[in-house]
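One structure is given here, and the rest of the page talks about it.
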Amino acid sequence: MMRTDEAGSARGVVVVTAAGSEQGRRTAQELLDSGWCVAVTARTVAELARIMPGMSGHRLLAVAADPDDPRQVEQFLDRVLGRFGRIDSVLGAEPSVASAWRRRTTQEGGSAAA
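Last residue of the sequence shown: 120 (the working numbering), numbering continuous.
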């Protein structure tokens, strides 16, 4: 569940995959700067460590996960939902994460926009 201070100031929750890439890092930073809660993922902790210096705050969650491993993708989504309570959109170069999120949303009877 999202904390009240986060819910009051956040525009929503966006997942950015492949955040270790320059485009992924830039996208995540722009979303944070615009007031979104952002969950970033990259394949390795080293990739996340490289992008983290410019990003911080209570609206950021960073998790290393292999997008080719369905179990890791599901665990990542569980962590995002546990931290922020929802996911509004999934952006980035890893379609497996967006697909898993859409499947979950469809099963829960909601709508998904990627």
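C-beta: ideal position from N, C-alpha, C; glycine also.
The structure displayed is predicted, hence computed values, not measured ones.
Which first and last residues belong to the beta strand (DSSP E) in which Ser95 is found? The count along the sequence shown starts at 1 and reaches residue 95 at position 89. Residues 95 to 97.
Would you please state the rounded distance, in angstroms, between the beta carbons of Ala79 and Val103? I believe it to be under 8 Å. Residue numbering aside, residue 79 sits at position 73 when the sequence shown is read from its first letter. Residue numbering aside, residue 103 sits at position 97 when the sequence shown is read from its first letter. According to the sequence provided, residue 79 is Val. The question's Ala does not apply to it. At roughly 6 Å, the Cβ-Cβ gap stays under 8 Å, so Val79 and Val103 are in contact.
Mind checking which residues open and close the alpha helix (DSSP H) that includes Ala52? By one-based count along the sequence shown, residue 52 stands at place 46. That run of the alpha helix (DSSP H) goes 51 to 57.
So, is Arg31 buried or exposed, given that buried needs 16 or more other C-beta atoms within 10 angstroms? The count along the sequence shown starts at 1 and reaches residue 31 at position 25. It is buried - the Cβ of Arg31 has at least 16 other Cβ atoms within 10 Å.
Secondary structure at Ala70, three-state DSSP: helix, strand or coil? Within the sequence shown, residue 70 is the residue found at index 64, counting from 1. Note: Ala70 maps to strand in three-state DSSP.
Should Pro101 go down as buried or exposed, given a rule of 16 or more other Cβ atoms within 10 Å for buried? Counting from 1 along the sequence shown, the entry for residue 101 is found at position 95. Exposed.
Candidates Gln113, Ala68, Phe82, of which the one nearest Ala25 by Cα: Taking the sequence shown and counting its residues from 1, the one referred to as residue 25 is at position 19. Per the Cα distances, Ala68.
Tell me which residue opens and which closes the alpha helix (DSSP H) that Thr47 is part of. Taking the sequence shown and counting its residues from 1, one reaches residue 47 at position 41. No alpha helix (DSSP H) contains Thr47, which is instead part of the beta strand (DSSP E) from 43 to 48.
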